[in-house]
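One structure is given below, encoded as structure tokens.
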Amino acid sequence: MKLIFAGILAGLLTTTAAKAEDMVFTSWGGTTQEAQTKSWAEPFTAASGIKVLQDGPTDYGKLKAMVDAGNVSWDVVDVEMDFAIKAAKDGLLEPIDFTAVPKADLDPRFTTDHAVGSFYYSFVLAWNKGAVSGEPAGWADMFDLKKFPGKRTFYKWSAPGVVEIALLADGVPADKLYPLDLDRAFKKLDTIKSDIVWWSGGAESQQLIASGEAAFGQLWNGRVFALEKDGADVGASWSQNLTAADVLVVPKGAKNKEAAMKFLAAASSAAGQAKFAEASGYAPINTKAKAEMPADAVKALPDAHVDGQINLDMNYWAEHRDEIAERWYAWQAK
Amino acid sequence: MSVETQRSIATMRMPGGLGSLLPALILIGLFFVVPVLALLLRSVTEPAPGLQNYSALLGDGTYARVFFNTFLVAAVVTIVTVLVAFPVAWMLAIMPPALASIVFGVIILSMWTNLLTRTYAWMVLLQRTGVINRALMASGIIDQPLPLINNLTGVTIGMVYIMLPFMILPLVGTLRAIDPMTLRAAALCGASPFQAFRRILLPLSLPGIAAGGLMVFVMSLGYFVTPALLGGTSNMMLAEMIAQMIQSLLNWGLGSAAAFILLVVTMALYALQLRLVGARRATGGA
Chain P
1 MKLIFAGILA GLLTTTAAKA EDMVFTSWGG TTQEAQTKSW AEPFTAASGI
51 KVLQDGPTDY GKLKAMVDAG NVSWDVVDVE MDFAIKAAKD GLLEPIDFTA
101 VPKADLDPRF TTDHAVGSFY YSFVLAWNKG AVSGEPAGWA DMFDLKKFPG
151 KRTFYKWSAP GVVEIALLAD GVPADKLYPL DLDRAFKKLD TIKSDIVWWS
201 GGAESQQLIA SGEAAFGQLW NGRVFALEKD GADVGASWSQ NLTAADVLVV
251 PKGAKNKEAA MKFLAAASSA AGQAKFAEAS GYAPINTKAK AEMPADAVKA
301 LPDAHVDGQI NLDMNYWAEH RDEIAERWYA WQAK
Chain R
1 MSVETQRSIA TMRMPGGLGS LLPALILIGL FFVVPVLALL LRSVTEPAPG
51 LQNYSALLGD GTYARVFFNT FLVAAVVTIV TVLVAFPVAW MLAIMPPALA
101 SIVFGVIILS MWTNLLTRTY AWMVLLQRTG VINRALMASG IIDQPLPLIN
151 NLTGVTIGMV YIMLPFMILP LVGTLRAIDP MTLRAAALCG ASPFQAFRRI
201 LLPLSLPGIA AGGLMVFVMS LGYFVTPALL GGTSNMMLAE MIAQMIQSLL
251 NWGLGSAAAF ILLVVTMALY ALQLRLVGAR RATGGA
């Protein structure tokens, strides 16, 4: 009898011990999270013995609820960078322990005290070659209904990108974008509003362009990369491509902070970043990663198109997130 | 059995009836009433104590439009659902039982398929390059694709399809309970089929229509996935707006206030309907 109890007790202890070493990684699902699992989590588990459980999709409301309730079940979360900056200000994130995460090779554009880059991407102009005659040369063509008739698709949510595109198309020089002139941007967007189809997720943007439902649109470069890989008849213009980033954060009060920091070190390492970039077409945030990638994979990255590339201002967005969102959704609902 | 014993049986049953309600009451209390109170509390305390969330919601043109959209969509969906469901329910009510149970099975089967899958299927059918538009254009009936998606039409089609079983089921019950002899009697008295429908069948089936209609209306008010995928941004409904406030803007005070208003309006409608149907019963209409 005693033996059985001891056995059960030992069993309980070992399961709790094993659980304490597991950690939870949360991202957006789909091909992106698959690539993150293969490139980061699996090699990390093999090297450290720490199991990485996958959860998702990322939900900012859930993250806040967990932190507020003091019961945080996510250890590392992939979030948009402007959210990370704001969340850090609101006290929702743990500071990064840079003694555990080597900082020297990380792209400073996508590294903050509370976040390490996950990957960066560009918004590019993509089109369905069967549905568009000629080649759109830049954002201004998306607002030219005479030269390029047809539906155009843009990102639905209030986020860095569409407002800037409207301003660029209206002739605002790249270095004068910020502070954003929202009135001017909405006026420009009004001229094509009835021809806009909104996409709310990456898969939807691919479906719209591949089917010709929308003739052209503003897409994440990784999604265009995947379409091209699948043999879809799409074209893309990198003129004035707009960079933004996803970053990895640790929610305040995460239960496995130490494991989380170790995971961040692995994910942001040159090897982890190179593997992920090759699989996804998104750009590495570790400056040494490209050296570890095959040459043709490097060619597909936003890094190959730095000419005329514009960095969306994450700090500006973090600061004005709420007021822009209010204007954005009010304009959409009109 | 004397009147006394009958009464004592009735009183004996009462506590038992309450007792069997207890688990449900506890469940609703813990998982509905308490959270709703917490919601209410949040709506008047975040980000600062006061009613500013409510004044922001009620005083702003955008939010007013979203409220209006929500009720418009729910009303249109309810009306169309009634119109489509009634003939189906009538057919089911008068069908041989064996055949009716097969048709029932088909209707219920549609409820077992994942909602998201069904909504995506509608996207494939309704879009500009979708099956319906292609077929119509190939047959020369139209030369420009019809705008069937990203607007009220798309939302209505998608939601009516999902709501149909919730309308058909209560309606069949009501229709089956109607004595077919009443219709025969009407015909014998010289009523045309339409008169028989309008003056006998329709009034008698009103409780079923009201019950199903209320269920469809209330469910439609809180609908999220279908309007988000098949509607346009100008048809945004309240549930989608609340999700935005909670999930991406983290404005929980405003989101809670919006959710609470929706709840109050829904309950008010329910009370109104109880009263109307009750009144009709009292005057002998149904």
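Those protein sequence lines, which keep their order, are chains P and R. Number 115 in our numbering belongs to position 115 of the first sequence; there are no gaps in the numbering. Number 50 in our numbering belongs to position 50 of the second sequence; there are no gaps in the numbering. Here a beta-carbon is modelled for each residue, glycine too, at the ideal position from N, C-alpha and C.
Within its chain, find whatever has a CB closer than 8 Å to the CB of residue i; leave out the 5 residues flanking it on each side and keep chain order.
i       : result
N294(P) : It should be noted that the sequence gives Pro, not Asn, for residue 294(P). Contacts found: E278.
I324(P) : S158, V163, L180, L182, W317
V234(P) : A126, W127, N128, K129, I209, A210, V224, L227, E228
P49(R)  : none
I192(P) : M142, F143, L145, R152
Going by beta carbon distance, what residues of the same chain come within less than 6 Å of residue i, once the five residues before and after it are set aside?
i       : result
G281(P) : G222, F225, A300
V72(P)  : M66, P251, G253, A254
A186(R) : A196, I200
V298(P) : K290
L136(R) : I142
Y54(R)  : A257
Apply the 10 Å Cβ neighbour rule to residue i and answer buried if 16 or more other Cβ atoms are within range, or exposed otherwise.
i       : result
K156(P) : buried
A289(P) : buried
E80(P)  : buried
P154(R) : Here the sequence assigns Gly to residue 154(R), which means Pro is not the residue at that position. The residue in question, G154(R), is buried, as its Cβ has 16 or more Cβ neighbours within 10 Å.
M261(P) : buried
L242(P) : buried
Y63(R)  : buried
W112(R) : exposed
V160(R) : buried
T153(P) : buried
N114(R) : exposed
R128(R) : buried
M241(R) : buried
Q144(R) : exposed
Y60(P)  : buried
T119(R) : buried
D78(P)  : buried
R109(P) : exposed
A38(R)  : exposed
F68(R)  : exposed
L63(P)  : buried
If you measure from the CB of residue i, is any heavy atom of the ligand FAD nearer than 7 Å?
i       : result
A245(P) : As presented, the structure is devoid of all ligands, the ligand FAD included, so that no description of it is given.
With a threshold of 7 Å on Cβ separation, who are the neighbours of residue i within its own chain once the five nearest residues in sequence on each side are excluded?
i       : result
W252(R) : R42, E46, I246
I132(R) : L125, L126, L148
V82(R)  : M167, I209, G213
L40(R)  : F260
Assuming residue i contacts residue j (C-beta within less than 8 Å), just tell me the rounded distance between them.
i       : j       : result
W127(P) : F216(P) : 4 Å
P216(R) : F166(R) : Checking the sequence shown, residue 216(R) turns out to be Val, not Pro. Yes, they are in contact, since the Cβ atoms of V216(R) and F166(R) sit about 6 Å apart, within 8 Å.
I221(R) : L262(R) : Looking at the sequence provided, one finds Leu at residue 221(R) rather than Ile. Between L262(R) and L221(R) the Cβ distance is about 6 Å, and since that is below 8 Å, they are a contact.
A333(P) : M236(R) : 5 Å
A259(P) : P160(P) : Not really, about 31 Å apart at Cβ, beyond 8 Å.
K147(P) : A214(P) : About 16 Å separates the two Cβ atoms, so there is no contact after all.
L238(R) : V66(R)  : 6 Å
G265(P) : G212(P) : Sequence check: residue 265(P) is Ala here, not Gly. Actually they do not touch by this definition, with Cβ atoms about 44 Å apart.
A174(P) : S239(P) : Not really, about 11 Å apart at Cβ, beyond 8 Å.
G29(P)  : G56(P)  : 5 Å
Q244(R) : Y329(P) : 7 Å
V76(P)  : L248(P) : 5 Å
M219(R) : M163(R) : 7 Å
A270(P) : D107(P) : In fact, because the Cβ distance is near 12 Å, the residues do not count as touching under 8 Å.
Inspect the CB distances between the region 81-91 of chain P and the region 309-323 of chain P and report whether three or more fall short of 8 Å.
yes
Can you list the alpha helix (DSSP H) stretches of 4 or more residues lying completely in the region 99-179 of chain R, in chain order?
115-126, 131-138, 152-177
Within the region 123-202 of chain P, ranges of the beta strand (DSSP E) (whole runs, at least 3 residues)
152-155, 196-199
Inter-stretch contact at 8 Å, needing at least 3 Cβ pairs: the region 91-99 of chain R / the region 168-184 of chain R:
yes
Quick one: any contact between the region 15-35 of chain R and the region 214-233 of chain R, if contact means 3 or more CB pairs under 8 Å?
no
Contact between the region 201-212 of chain R and the region 252-271 of chain R: three or more CB pairs below 8 Å?
no
Would you list, in sequence order, the uninterrupted beta strand (DSSP E) runs of no fewer than 3 residues that lie entirely inside the region 32-113 of chain P?
52-55, 76-80
Between the region 95-106 of chain R and the region 160-177 of chain P, do at least 3 Cβ pairs fall closer than 8 Å?
no
Okay, do the region 47-60 of chain P and the region 25-38 of chain P touch, 3+ Cβ pairs below 8 Å being the bar?
yes
The region 88-97 of chain P touching the region 107-119 of chain P, judged by at least three CB pairs closer than 8 Å
yes
Run through the region 13-92 of chain R for me and flag every whole beta strand (DSSP E) of 3 or more residues, listed as ranges in chain order.
none
Please list the segments of the beta strand (DSSP E) lying wholly inside the region 251-291 of chain P, counting only runs of 3 or more residues, in order along the chain.
none
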